[in-house]
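All residue numbers for the sequence shown refer to the working numbering, where the first residue is 1 and numbers rise by one.
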Amino acid sequence: MNGLKKIKSALISVYYKDRLDEIVQELNNLGISIYSTGGTKSFIEELGIQVQSVESLTTYPSILGGRVKTLHPKVFGGILARRNDKKDIEQLNEYDIPEIDLVIVDLYPFEETLNSGATDPEIIEKIDIGGISLIRAAAKNFNDVVIISSKNQYPFLSEILKLQKGETNLEQRKQFAGEAFQISSSYDSLIYGFFAGKDAKYFNKSEGPRSVLRYGENPHQAGYFYGDYSKLFDQLHGKEISYNNLLDIEAAINLIIEFNETTFAIIKHNNACGVASRPKLIDAWKDALAGDPVSAFGGILVCNSEVDINTAKEINNLFFEVILAPSYTIDSLELLKTKKNRIILVQKQIELPKIQYRSLLNGLLVQDKDLKLETRADMKPVTNKLPVDSQYDDMIFANILVKHSKSNAIVLAKNKQLLASGIGQTSRIDSIKQAIEKAKSFGFDLNHAILASDAFFPFSDSVEIAHKEGIDLVIQPGGSIRDKDTIEYCNQNDIAMVFTGVRHFKH
Numbered sequence: 001m002n003g004l005k006k007i008k009s010a011l012i013s014v015y016y017k018d019r020l021d022e023i024v025q026e027l028n029n030l031g032i033s034i035y036s037t038g039g040t041k042s043f044i045e046e047l048g049i050q051v052q053s054v055e056s057l058t059t060y061p062s063i064l065g066g067r068v069k070t071l072h073p074k075v076f077g078g079i080l081a082r083r084n085d086k087k088d089i090e091q092l093n094e095y096d097i098p099e100i101d102l103v104i105v106d107l108y109p110f111e112e113t114l115n116s117g118a119t120d121p122e123i124i125e126k127i128d129i130g131g132i133s134l135i136r137a138a139a140k141n142f143n144d145v146v147i148i149s150s151k152n153q154y155p156f157l158s159e160i161l162k163l164q165k166g167e168t169n170l171e172q173r174k175q176f177a178g179e180a181f182q183i184s185s186s187y188d189s190l191i192y193g194f195f196a197g198k199d200a201k202y203f204n205k206s207e208g209p210r211s212v213l214r215y216g217e218n219p220h221q222a223g224y225f226y227g228d229y230s231k232l233f234d235q236l237h238g239k240e241i242s243y244n245n246l247l248d249i250e251a252a253i254n255l256i257i258e259f260n261e262t263t264f265a266i267i268k269h270n271n272a273c274g275v276a277s278r279p280k281l282i283d284a285w286k287d288a289l290a291g292d293p294v295s296a297f298g299g300i301l302v303c304n305s306e307v308d309i310n311t312a313k314e315i316n317n318l319f320f321e322v323i324l325a326p327s328y329t330i331d332s333l334e335l336l337k338t339k340k341n342r343i344i345l346v347q348k349q350i351e352l353p354k355i356q357y358r359s360l361l362n363g364l365l366v367q368d369k370d371l372k373l374e375t376r377a378d379m380k381p382v383t384n385k386l387p388v389d390s391q392y393d394d395m396i397f398a399n400i401l402v403k404h405s406k407s408n409a410i411v412l413a414k415n416k417q418l419l420a421s422g423i424g425q426t427s428r429i430d431s432i433k434q435a436i437e438k439a440k441s442f443g444f445d446l447n448h449a450i451l452a453s454d455a456f457f458p459f460s461d462s463v464e465i466a467h468k469e470g471i472d473l474v475i476q477p478g479g480s481i482r483d484k485d486t487i488e489y490c491n492q493n494d495i496a497m498v499f500t501g502v503r504h505f506k507h
């Protein structure tokens with residue numbers, strides 16, 4: 001190991017004191033001098049360990065309500081001095097500045113305060129000044145100084161202190177420095193976001209930690225996930241989650257949270273190929289599978305009710321990659337675990353982000369997430385024939401599905417079951433033809449089915465094709481300059497149609 005440095009003195013000033021006692025005890029065992037301030041100093045003294053106050057070093061008290069404690073040349077000089085620079089060492093001696101070899105500092109809880117609903121003055125008081133300065137100074141001088149900027153690093157530091165007797169090598173110090181600048185960068189991003197709000201001129205966001213995936217969309221592509229998906233779900237069983245799995249899981253979660261009734265959905269390539277809502281989960285599964293038993297092979301299963309043993313027996317007959325549910329009975333879980341690679345997830349109840357990001361060209365696209373969900377009150381009948389009360393629930397069901405399908409998207413549904421969808425086509429006509437052909441191939445009767453479209457029909461031809469198959473109820477946004485032609489055709493052929501006024505493109 002190269003660049004070995006012995007820790008002889010340490011500065012400790014932390015907000016979170018979890019497991020700090022172990023570190024302090026080890027420093028004391030190694031005879032390392034400790035400097036500290038305020039509550040941290042009191043904490044160390046209560047352990048019966050000798051500690052020197054920063055105030056005695058600087059000869060200045062903590063002032064301005066604690067805003068200024070460590071911002072002093074006798075502190076920063078001891079951190080930033082280059083040990084191999086003769087002039088730096090001479091100046092340390094001239095001004096009686098001790099070298100500081102280890103800095104253990106964390107930051108005020110700005111993010112927690114921001115998310116707590118605190119007032120602006122309370123939030124601003126949690127903008128750390130001294131801590132962030134100490135972190136950056138120690139990280140900059142990693143050639144000589146160790147910087148510990150998070151309690152998550154305590155176990156590694158403890159191991160180093162015990163095994164290496166207070167010595168660190170250059171690689172270790174550089175690793176700590178990199179982590180320190182990440183913490184600093186993330187902290188500053190949060191502060192910038194607070195001040196800029198929605199008017200931010202620059203995209204400045206920190207996500208992590210990084211998970212290395214087996215590969216990206218294809219085996220020849222590297223793939224990573226930045227974030228913590230364990231906040232969204234727990235993995236109970238199965239192989240490592242892949243890049244494509246994560247894309248489908250996101251589509252599954254975004255879809256299933258729209259339903260209040262017991263619902264089962266099957267996702268393939270980010271689109272639903274089978275969905276049904278039923279009083280019993282096993283019936284929802286059977287009718288979801290009937291929507292497209294071919295595409296269901298190798299898909300992602302998601303439901304919003306506990307998986308019982310009877311449902312598990314049915315779905316266990318199908319090869320699928322992932323299942324996501326709020327819970328599982330003990331016997332159903334044991335059965336589903338019989339396939340060693342099958343990924344079994346438990347979804348948690350948390351609020352999802354309301355902003356979406358997409359890398360594009362040499363930049364980034366940002367938009368509000370499509371959270372609009374039309375109700376009966378949003379559905380404006382525009383034809384002579386009106387939907388009957390029982391059809392509104394089906395229209396809501398179909399409209400949810402088309403909202404979560406790739407454009408151009410058409411959904412055919414009846415009795416809260418997806419009959420078929422036409423997705424990702426370059427024309428709405430192609431989407432309708434695809435949906436009709438698919439529904440008929442699985443034996444569905446399209447008489448009195450509902451057609452939902454994610455965008456308006458530019459011509460009446462789409463409705464004409466649907467009518468020939470027995471479809472007599474259409475839900476669409478409306479807004480075409482030729483809406484009147486489509487309405488006229490519906491009136492002439494006893495078709496009911498409603499406009500929502502909301503487009504749901506998804507690219």
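All residues carry an ideal CB built from backbone N, CA and C; glycine is no exception.
Computed from a prediction, not measured in an experiment: that's the story for all the values here.
Anyone know if the C-beta pair for residue i and residue j falls short of 7 Å?
| i | j | result |
| --- | --- | --- |
| residue 89 | residue 137 | no |
| residue 147 | residue 180 | yes |
| residue 411 | residue 497 | no |
| residue 459 | residue 477 | no |
| residue 418 | residue 446 | no |
| residue 265 | residue 212 | no |
| residue 97 | residue 74 | yes |
| residue 500 | residue 378 | yes |
| residue 3 | residue 169 | yes |
| residue 233 | residue 346 | yes |
| residue 32 | residue 51 | no |
| residue 531 | residue 413 | As displayed, the chain neither begins before 1 nor continues past 507, which places residue 531 out of reach and without an answer. |
| residue 210 | residue 226 | yes |
Would you mind giving the Cβ-Cβ distance between residue i and residue j, rounded to the nearest angstrom? I have them listed as a contact below 8 Å.
| i | j | result |
| --- | --- | --- |
| residue 267 | residue 299 | 6 Å |
| residue 342 | residue 274 | Not confirmed; about 18 Å, so no contact. |
| residue 372 | residue 502 | 6 Å |
| residue 204 | residue 189 | 5 Å |
| residue 336 | residue 344 | 6 Å |
| residue 144 | residue 5 | 6 Å |
| residue 166 | residue 57 | Contact doesn't hold; Cβ gap of about 21 Å is too wide. |
For residue i, which three-state DSSP category applies?
| i | result |
| --- | --- |
| residue 221 | coil |
| residue 381 | strand |
| residue 319 | coil |
| residue 226 | strand |
| residue 287 | helix |
| residue 341 | coil |
| residue 24 | helix |
| residue 376 | helix |
| residue 399 | helix |
| residue 272 | strand |
| residue 325 | strand |
| residue 39 | helix |
| residue 366 | strand |
| residue 443 | coil |
| residue 110 | helix |
| residue 59 | coil |
Work out the CA separation of residue j and residue i for me, nearest whole Å.
| i | j | result |
| --- | --- | --- |
| residue 352 | residue 426 | 31 Å |
| residue 17 | residue 40 | 8 Å |
| residue 102 | residue 10 | 4 Å |
| residue 20 | residue 393 | 57 Å |
| residue 255 | residue 66 | 49 Å |
| residue 513 | residue 53 | Residue 513 falls outside the range modelled here, since the chain spans only 1 to 507, and no answer is possible. |
| residue 187 | residue 133 | 12 Å |
| residue 235 | residue 338 | 15 Å |
| residue 59 | residue 71 | 12 Å |
| residue 434 | residue 422 | 5 Å |
| residue 87 | residue 93 | 10 Å |
| residue 23 | residue 37 | 16 Å |
| residue 404 | residue 306 | 23 Å |
| residue 49 | residue 163 | 22 Å |
| residue 61 | residue 55 | 5 Å |
| residue 172 | residue 360 | 36 Å |
| residue 465 | residue 109 | 60 Å |
| residue 438 | residue 293 | 11 Å |
| residue 348 | residue 374 | 25 Å |
| residue 368 | residue 444 | 37 Å |
| residue 249 | residue 219 | 19 Å |
Return yes when at least one heavy atom of the ligand GDP lies under 6 Å from the C-beta of residue i, else no.
| i | result |
| --- | --- |
| residue 256 | Of the ligands one can find in the structure shown there are none, so the ligand GDP has no counterpart to examine. |
Would you call the region 149-165 in contact with the region 112-128, where contact means no fewer than 3 C-beta pairs closer than 8 Å? no
Segment contact flag, the region 306-322 with the region 458-478, C-beta cutoff 8 Å, min 3 pairs: no
Do three or more CB pairs link the region 281-289 to the region 307-317 at distances below 8 Å? yes
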